[in-house]
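Novice:
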Amino acid sequence: MDLQFLDIIPKSGPLFWGALYTLFVGLIACGVGIFVGTGLLLMRNSRFWLLRTFVGIYGSFIRGTPALVQILVFYYALAPLTGINIGPFTAGIMAVGFNSGAYVAEILRGGLSRIPKGQWEAAEALGLPKRKVWFKIILPQVFHSVIPLLVNEFTMVIKITPLLSTITLVELTRASQMLYNETFRPVEVLSLAALIYFIICFSISQFGEHLQRRSRKYRL
Amino acid sequence: MTFDYAAIWDNRDILINGVFNTLLISFIAIPIGILIGVLICMARISKRRLLHWPAIAYIELMRNIPLLILIFMMFYALPFYGIRLSGLTTGFVCLSIYGGAYFAEVFRGGVEAVPKGQFDAAKALGLKYGFYMRRVIFPQLYTYVFPPGTNIALTMIKESSLLSMITVAELTYAAHDINGRTFTPIETFATIALIYWIICTVFLKLTGMLQSHVHTDDLSNSMAIR
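Residue numbers (the working numbering), protein chains in the order written: chain A, 136 to 355; chain B, 9 to 234.
Have a look at this one:
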């Protein structure tokens, strides 16, 4: 079979919109992930053992089940269970965000362990309340030190988003499926989709590596 | 809201078949993936440009394309070239070449973590490249490779769920199947989530035991050339 990219490229508008949608979903999900991850980090360091145990169970569940199953659980099971009717978009973003949150929490934990003990002691010596110590002193430093890893986490999120095509979100994978069903040219369409994914993920991960190199250079 | 356990129990054959297929796919794909990983890693760290660059291209390609796209390409695009693989075969092939790239990176990280003196000493003894790689460097890799390697193997078990999209009858597909018959999404998906969790936890426990068994922290033990 001869490849006919020239026929497909003019029709690849949906792929472009799909790619934008993928980025959009990825960004929001990553935001949710950072939010959840920060929450988990705070809970892990909380005084209450119930919260600490919850973090352990949560992490084990997220690490021990496939992202696809998490998305399906969110989409099919959570809405009837809670009575809240969330659409595929919200369900997808929540599922991916909560999935990413567990990994972000691990990243943040790594960052937290690198914070010198003096920072805590100094904050305490200044008589700052616990909340201020966390939000004004510790967390900013943690986030600053893990920015490269968070950028990499974003590529992981982008690589999970194709799974959202199962719950009818028209992102890049779904758009390409629709396009090749229409044109009967899976080879060209899927290669284009793969190329787009590659460009997105590769540029982001290279950016992450660049940040990592830079942060290594300026480390105290 | 009551749990309809009967829906699960009556369809347990489908679930058991699904578990069997998931385990089968994972435990064939993981060793092949490790093998591919070793080969690609050797190519990656080689000084020959003809091996070095293709290996980098392979690793970067696999690491930056979602597995689902790869699966779709294998399943929907290859038949146009006269290669018609069954769903299960596509699963093995995709998972192992995908995991292979990640394993290659893990092995490379391990080789880079081996102290430089080991290479120098091996070279000074006049050992040939293939020999000292096989007998000196690779035995030491366990220490560095085991934890991240376990993670990748775990990811491969989980990623095998994507094969449900090309109608491989593994666990996720079984859930779709049961859900389609009985309309009990909550029970089925909660059940398979639990089963996946059990599989992964058992896997982690087993590898943890294995890891403490090979005494990875004792470098002098694995350095002996037999």
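Think of the CB as a built atom: it goes at the ideal place given N, C-alpha and C, for glycine as much as any other residue.
#1: Would you say B/Ile73 lies against chain A (beta-carbon separation less than 8 Å)?
#2: For B/Cys208, which residues from the same chain have a beta carbon less than 8 Å from its beta carbon, with the 5 sequence-adjacent residues on both sides left out?
#3: With H, G and I counted as helix, E and B as strand and the rest as coil, what does DSSP make of B/Ile53?
#4: Give the straight-line distance between the Cα atoms of A/Met229 and B/Thr199, rounded to the nearest whole angstrom.
#5: Is the Cβ of A/Lys294 closer than 8 Å to any Cβ of chain B?
#6: Comparing alpha-carbon positions, which option in A/Ile206, A/Pro201, A/Leu141 lies nearest A/Thr225?
#7: What do you reckon, is the C-beta of B/Asp128 under 7 Å from a heavy atom of the ligand ADP?
#8: Please report the straight-line C-alpha distance between B/Thr224 and A/Asn316, rounded to a whole angstrom.
#9: Quick check: is the beta carbon of B/Ser104 nearer than 8 Å to any beta carbon in chain A?
#10: Going residue by residue through the region 9 to 48 of chain B, where are the continuous alpha helix (DSSP H) segments of at least 4 residues, counting only ones entirely within it?
#11: Please say whether B/Arg142 and B/Cys49 have beta carbons closer to each other than 8 Å?
#12: Can you grab the Cα-Cα spacing for the pair A/Leu314 / A/Ile331, in whole Å?
#13: Quick check: the region 195 to 205 of chain A against the region 320 to 331 of chain A, are there 3 or more CB pairs under 8 Å?
#14: Verify whether the separation of the beta carbon atoms of B/Ser104 and B/Ile64 is less than 8 Å.
#15: Could you confirm whether any beta carbon from chain B is found closer than 8 Å to the beta carbon of A/Leu203?
#16: Tell me the rounded alpha-carbon separation between B/Phe154 and A/Tyr238.
#17: Residues in the region 154 to 166 of chain A with C-beta within 8 Å of chain B's C-beta atoms, listed in sequence order?
#18: Residues of the region 191 to 205 of chain B in Cβ contact with chain A at a cutoff of 7 Å, in chain order, please.
#19: Any C-beta of chain B sitting closer than 8 Å to the C-beta of A/Ile302?
#20: Quick one: Cα of A/Pro283 to Cα of A/Gly172, how far?
#21: Measuring alpha carbon to alpha carbon, tell me which of B/Glu195, B/Phe211, B/Ala109 ends up nearest A/Leu216.
#22: Looking only at its chain, what residues have a beta carbon closer than 6 Å to the beta carbon of B/His60, apart from the 5 residues adjacent to it on each side?
#23: Within its chain, find whatever has a CB closer than 7 Å to the CB of B/Leu214; leave out the 5 residues flanking it on each side and keep chain order.
#24: The alpha helix (DSSP H) that contains B/Leu170, what's its start and end?
#25: Which residue comes first and which comes last in the alpha helix (DSSP H) that contains A/Lys294?
#26: CB A/Leu346 to CB A/Val160, shorter than 8 Å?
#27: Just tell me which of B/Arg20, B/Leu32, B/Tyr13, B/Val144 has its CA closest to the CA of B/Leu96.
Specialist: In short, the structure shows the following:
#1: For this step, residue 73 of chain B is matched to residue 65 along the second sequence. It does: the Cβ of B/Ile73 has a partner Cβ on chain A nearer than 8 Å.
#2: Here the question's residue 208 of chain B lines up with position 200 in the second sequence. If we look at B/Cys208 and ignore the five residues flanking it on each side, its Cβ neighbours are Leu162, Ile165, Lys166.
#3: Locating residue 53 of chain B in the second sequence gives position 45, counting from the first residue. Of the three classes helix, strand and coil, the one that applies to B/Ile53 here is helix, per DSSP.
#4: If you number the first sequence from 1, residue 229 of chain A lands on position 94. If you number the second sequence from 1, residue 199 of chain B lands on position 191. Those two C-alpha atoms are separated by around 20 Å.
#5: Looking up residue 294 of chain A in the first sequence gives position 159. Yes, because at least one Cβ of chain B sits closer than 8 Å to the Cβ of A/Lys294.
#6: If you number the first sequence from 1, residue 225 of chain A lands on position 90. For the residues A/Ile206, A/Pro201, A/Leu141, the minimum Cα distance to A/Thr225 belongs to A/Ile206.
#7: Summarising the ligand content, the structure contains no ligands, and the ligand ADP is consequently not present.
#8: In the second sequence, residue 224 of chain B corresponds to position 216, counting from 1. In the first sequence, residue 316 of chain A corresponds to position 181, counting from 1. Because the pLDDT of B/Thr224 is 49, which lies under 50, any placement of that residue in the model is unreliable, and the number read from its coordinates should be weighed accordingly. Roughly 52 Å separates the two Cα atoms.
#9: Within the second sequence, numbered from 1, the residue matching residue 104 of chain B stands at position 96. No, because no Cβ of chain A sits closer than 8 Å to the Cβ of B/Ser104.
#10: Those alpha helix (DSSP H) runs which fall completely within the region 9 to 48 of chain B and span 4+ residues are 13 to 18.
#11: Along the second sequence, one-based indexing puts residue 49 of chain B at 41. Along the second sequence, one-based indexing puts residue 142 of chain B at 134. Contact flag unset, no.
#12: For the purposes of this step, residue 314 of chain A is taken as the residue at position 179 of the first sequence. For the purposes of this step, residue 331 of chain A is taken as the residue at position 196 of the first sequence. For A/Leu314 and A/Ile331, the distance between alpha carbons rounds to 15 Å.
#13: No, the region 195 to 205 of chain A is not in contact with the region 320 to 331 of chain A.
#14: The residue given as residue 104 of chain B occupies position 96 in the second sequence. The residue given as residue 64 of chain B occupies position 56 in the second sequence. Cβ atoms of B/Ser104 and B/Ile64: not closer than 8 Å.
#15: On the first sequence, position 68 is the one that residue 203 of chain A refers to. It does; some Cβ of chain B falls within 8 Å.
#16: Position 146 of the second sequence holds residue 154 of chain B. Position 103 of the first sequence holds residue 238 of chain A. The alpha-carbon atoms of B/Phe154 and A/Tyr238 are separated by roughly 20 Å.
#17: Residues: none.
#18: From the region 191 to 205 of chain B, only Pro193, Ile194, Phe197, Ala198, Ile200, Ala201, Tyr204, Trp205 have a Cβ closer than 7 Å to chain A.
#19: One-based indexing of the first sequence puts residue 302 of chain A at position 167. By this cut-off, A/Ile302 is not an interface position.
#20: In the first sequence, residue 283 of chain A corresponds to position 148, counting from 1. In the first sequence, residue 172 of chain A corresponds to position 37, counting from 1. Each residue's alpha carbon lies about 16 Å from the other.
#21: Walking along the first sequence from the start, residue 216 of chain A turns up at place 81. The residue with the shortest Cα to Cα distance from A/Leu216 is B/Glu195.
#22: Position 52 of the second sequence holds residue 60 of chain B. Answer for B/His60: Ser54, listed in chain order.
#23: As a first step, residue 214 of chain B is located in the second sequence; it is residue number 206 there, counting from the start. Nothing meets the Cβ criterion.
#24: For the purposes of this step, residue 170 of chain B is identified with residue 162 of the second sequence, where counting begins at 1. B/Leu170 -> no alpha helix (DSSP H), and no H or E assigned at all.
#25: Stepping through the first sequence from its first residue, residue 294 of chain A is reached at position 159. It spans 274 to 295 - the alpha helix (DSSP H) in which A/Lys294 sits, taken as one unbroken run.
#26: If you number the first sequence from 1, residue 346 of chain A lands on position 211. If you number the first sequence from 1, residue 160 of chain A lands on position 25. The answer is no: Cβ separation not under 8 Å.
#27: For the purposes of this step, residue 96 of chain B is identified with residue 88 of the second sequence, where counting begins at 1. Checking every option, the nearest Cα to that of B/Leu96 belongs to B/Leu32.
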